[in-house]
Amino acid sequence: MRLNILVILLSVVSLVNGQDAMNQFIDQVMAKMTLEEKLGQMNLSSGVGNLPVITEGEGKIEFIKKGLIGASGGYNSQLAAVNESRLGIPLITGRDIIHGYKTTFPIPLAMSCAWDTLMIEKMARISAIEASSEGINWTYSPMVDISRDPRWGRVAEGAGEDVYLGSKIARAYVRGYQGDDLSKENTIMACVKHFALYGASEAGRDYNTVDMSKVSMHNYYLPTYKAAFDEGAGSAMSAFNVVDMVPATGNQWLMTELLRNQWGFNGFVVTDYTAINEMVHHGLGNLETVAIKALKAGIDMDMVGESFIGTLGKSLEEGKITEAEIDQACRRVLEAKYKLGLFDKPFQYHNKKRAKELILCKEHQEYARKVAAASCVLLKNENNVLPLNKNAKIAVIGPMGNVKKDMLGAWSATSDTTPIVTIYQGIKNISDSKAIVKYKQGSYLTENEYLLNRNRKKGEELAIDKIKSDKMLSDAIELANNSDVIIASLGEPSKWSGEAASRSDISIPACQTRLLKALLQTGKPVVLVLSNGRPLNLSWENENVPAILETWHAGVQAGNGIADVLFGDVNPSAKLTMTFPRNVGQIPIYYNHNKTGRPLIEDYKFTSKYLDIPNSPLFPFGYGLSYTTFSYGEITTNKVALDKDELLRASVEVTNTGNLSGQEIVQLYIQDPEASISRPVKELKDFRKIELEPGQTKTVSFSISIDQLKFYNSDLVLDWEEGDFNVFIGTNSEECQEVQVEWIK
Ligand code: BGC
């Protein structure tokens, strides 16, 4: 009966096209809705029952039947919504599909290091194909928060520190999830988060204050979100933090003036988890007041907090909000459902046959392996310790060497642990039958009680035992002494990065370093294979270990992908997208910092520096080695003086000077040395990933227009200013060739 109403409405509007058809259909649905039902559409319930609220847990289905929930998950919930609620409006079903569904890919920070937007797009496509077969039609991804602070655990979820690369990657995620038609059964709606500036939490502590100039936000933080919206992302998620001291969730400037009026976004905005309720803690008023602020700011859906459904009815009666404001939010949610084809085919996303065929299928797993290998960054390789000989006696030693779930990293709730390939297993899989590969744990992950306590589940014992710790170490040394080469598999378990997982000390924990030192003392070659979710302080390791491979949390195919690189079946080509500091004292540290009035001059006291360490990072943005070597020629240009309509063509010859074929990411940076505001020392403006055979040379050419010179000035106008520009092309943000050109208006 209820379904019939929608079916009749759909057939009435089917003669009309596109936007008009959608508007007519939604007009007619909304004409039938009560106020409560409209508020219901603006209410997302997770159904996990962990909040003292009205629609969670047991009673969820009853609330769905009453039309009081607009977004939730599960087949039975959809059945209740479609067949048993008065109007039969289907639910939209969101999940955090951040780096794969069941086929879990490396963490997003890792994948960004491949500088390969087609790869990200394909990864997102696979994620959508898998997730959409099990009822999910909306993902809380991409996370496009720029961050310059590796203490913040959520850097694992993003694409690093750079706005240019980050924007390209943001677009790739959206294309991959949404495909060319959102209403198809295998495409899902993207939700761009966390709007905005969440990555700039002070001191890298999650949920902390953000305080930033408007010029900085416009130039370095906002463009990644805008890029994702320009690509057509259907929804956005508000951030937990303040923007200009007003919580993002209640920030009218951000959610309406910027997002809708200036950027023309026409999707819907959901809050982050209970972010409206949290405005009470921010000190913005009681629940009723903050719900009003959120609605008026431009929020359309309340995630889990139930402030909209709980308070807006009363606020309307009291004349504090208008029905038009509620209608607008409700309409945007219904539009999303319409675009997803949910009114037409509410069950198209529940498809057991597709799920069985596609989830974790061979093709997806093979791609996950490829992505894992493409995301590994070779940080050091003295005396060509790598690649390994496939016939060797290999000791895999360390607490990350034989673990499954910790290969996945943050946001892997939808994953399956069974198919995960450990590093030890991957090495065994790929080495020759004559090789001897053995494993010992060697140490705990940490013996730091404070950290262990923070991570401890209720009732769980602190399982650190000194005798066991010493025994693990001596067993490991014995194995190391009987091997040709040692893979020291160290790092961070999954739960040390991601949400609510900030660290003040980003070095490898002391007990793991004790193990590493002991392994080095054996005199055998040691390869440090790191599994972690953020840039680490590797100063000591870089001084003392001959080879370091950063593999991040590499996903379900971690072991195979990492072993492909260790044995040289894949030549590493990834480059860092976040700066690695020498120690935490340098943070925030990022390559596109501004000039100071007192740049460093050695041997002169009053310049900008530390007394105890250099200013430079340990590993700069864009850095990463290969098993081959590349040399760069000088930059040649078509012109050195240009006017505004002219394109600069800057070229460089890159030669593979080693013995193996390999890929190189050639990076183009520009500096505007004199402008109306102080500008960065350089900014990434383009890049190319090229493949070269040994001895081969390729000319890499970039075309640069005035669009790449534009920046937001003090009046927040996006424009360029004439004068000199320094153009850099190179292998990372520090090692570049440089030329100067002049552009005149
Ligand atoms: C996180 C979001 C996530 C949401 C839903 C929040 O705590 O900040 O990134 O999408 O939960 O799981």
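Per my numbering, residue 3 is the first one in the sequence shown, and the count goes up by one each step. For each residue, glycine too, the CB sits at the ideal point set by N, CA and C.
Segment limits, beta strand (DSSP E) that includes residue i
| i | result |
| --- | --- |
| residue 440 | 438 to 442 |
| residue 196 | 191 to 197 |
| residue 790 | With the chain represented from 3 up to 747, any question about residue 790 goes unanswered, as that position is not in the structure. |
| residue 605 | Per DSSP, residue 605 belongs to no beta strand (DSSP E) and is neither H nor E. |
Residue i versus residue j: straight-line alpha-carbon distance, rounded
| i | j | result |
| --- | --- | --- |
| residue 42 | residue 187 | 25 Å |
| residue 124 | residue 473 | 46 Å |
| residue 404 | residue 426 | 6 Å |
| residue 508 | residue 153 | 7 Å |
| residue 2 | residue 302 | As displayed, the chain neither begins before 3 nor continues past 747, which places residue 2 out of reach and without an answer. |
| residue 598 | residue 576 | 31 Å |
| residue 418 | residue 359 | 16 Å |
| residue 392 | residue 486 | 11 Å |
| residue 406 | residue 223 | 35 Å |
| residue 135 | residue 103 | 10 Å |
| residue 415 | residue 189 | 20 Å |
| residue 752 | residue 463 | Absent from the structure is residue 752, since the part of the chain shown begins at 3 and ends at 747. |
| residue 238 | residue 730 | 35 Å |
| residue 521 | residue 721 | 56 Å |
| residue 273 | residue 251 | 6 Å |
| residue 732 | residue 583 | 21 Å |
| residue 37 | residue 163 | 44 Å |
| residue 674 | residue 682 | 8 Å |
| residue 120 | residue 209 | 32 Å |
| residue 505 | residue 455 | 14 Å |
| residue 249 | residue 255 | 11 Å |
| residue 325 | residue 601 | 57 Å |
Span of the alpha helix (DSSP H) around residue i
| i | result |
| --- | --- |
| residue 183 | Per DSSP, residue 183 belongs to no alpha helix (DSSP H) and is neither H nor E. |
| residue 666 | Careful: residue 666 lies outside any alpha helix (DSSP H), inside the beta strand (DSSP E) at 664 to 673. |
| residue 474 | 468 to 483 |
| residue 286 | Where residue 286 is concerned, there is no enclosing alpha helix (DSSP H), given that its DSSP letter is neither H nor E. |
| residue 124 | 119 to 134 |
| residue 739 | First-last for residue 739: 738 to 746, but that is the beta strand (DSSP E), not the alpha helix (DSSP H). |
| residue 650 | From DSSP, residue 650 is part of no alpha helix (DSSP H) but of the beta strand (DSSP E) over 650 to 658. |
| residue 645 | Run containing residue 645: none in the alpha helix (DSSP H); it sits in the beta strand (DSSP E), 643 to 645. |
| residue 312 | 309 to 319 |
| residue 226 | 225 to 232 |
| residue 63 | 62 to 67 |
Nonlocal neighbours in the same chain, by C-beta distance under 7 Å from residue i, ignoring five residues either side
| i | result |
| --- | --- |
| residue 265 | 228, 231 |
| residue 322 | 294 |
| residue 3 | Any reading at residue 3 must be qualified, since the residue scores a pLDDT of 42, below 50, and its modelled position is unreliable; no value is offered. |
| residue 578 | 115, 379, 621, 623, 624, 625, 626 |
| residue 177 | 123, 233 |
Cutoff 8 Å; reference residue i; Cβ partners in own chain excluding five residues on either side
| i | result |
| --- | --- |
| residue 449 | 466, 471, 511, 512, 513 |
| residue 742 | 642, 726, 727, 728, 729 |
| residue 603 | 609 |
| residue 267 | 231, 238, 261 |
| residue 160 | 110, 111, 114, 145, 146, 147, 148, 149, 168, 201 |
Contacts around residue i, its chain only, beta-carbon distance under 6 Å, and the 5 residues preceding and following it disregarded
| i | result |
| --- | --- |
| residue 53 | Residue confidence is low: residue 53 scores 45 on pLDDT, short of 50, so the model does not pin down where it sits. No coordinate-derived value is stated. |
| residue 643 | 744 |
| residue 438 | 395 |
| residue 225 | 165, 169 |
| residue 747 | 646, 724 |
| residue 428 | 561, 562, 564, 565 |
| residue 690 | 668, 702 |
| residue 422 | 406, 409, 558 |
Contact test: residue i Cβ vs ligand 3 heavy atom, cutoff 7 Å
| i | result |
| --- | --- |
| residue 501 | This structure lacks ligand 3; the ligands present are ligand 1. |
Any contact of the region 536 to 555 with the region 63 to 76, i.e. 3+ C-beta pairs under 8 Å?
no
Restricting to runs no shorter than 4 residues, where is the alpha helix (DSSP H) found entirely within the region 499 to 543?
512 to 523
For the pair the region 119 to 136 and the region 470 to 486, tell me if three or more CB-CB distances fall below 8 Å.
no
Take every Cβ of the region 619 to 630, pair it with every Cβ of the region 589 to 608, and state whether three or more of those distances are shorter than 8 Å.
yes
Tell me whether the region 548 to 564 and the region 367 to 384 touch, counting them as touching only if at least three CB pairs, one residue from each stretch, are closer than 8 Å.
yes
Which ranges would you report for the beta strand (DSSP E) in the region 555 to 579 if only whole runs of at least 3 residues count?
none
Pairing CB atoms from the region 510 to 525 with CB atoms from the region 445 to 457, are three or more of them under 8 Å?
yes
At a cut of 8 Å, does the region 145 to 161 reach the region 197 to 205 through at least three beta carbon pairs?
yes
Closer than 8 Å is the cut-off here; do at least three beta carbon pairs connect the region 344 to 354 with the region 630 to 644?
no
Is there contact here, the region 712 to 721 with the region 640 to 653, by at least three beta-carbon pairs under 8 Å?
no
At which residue ranges does the region 343 to 378 contain complete alpha helix (DSSP H) runs of 4 or more residues, listed in the order of the chain?
354 to 360, 364 to 376
Quick one: which unbroken beta strand (DSSP E) runs of 3-plus residues sit fully inside the region 372 to 432? Chain order, please.
379 to 383, 395 to 399
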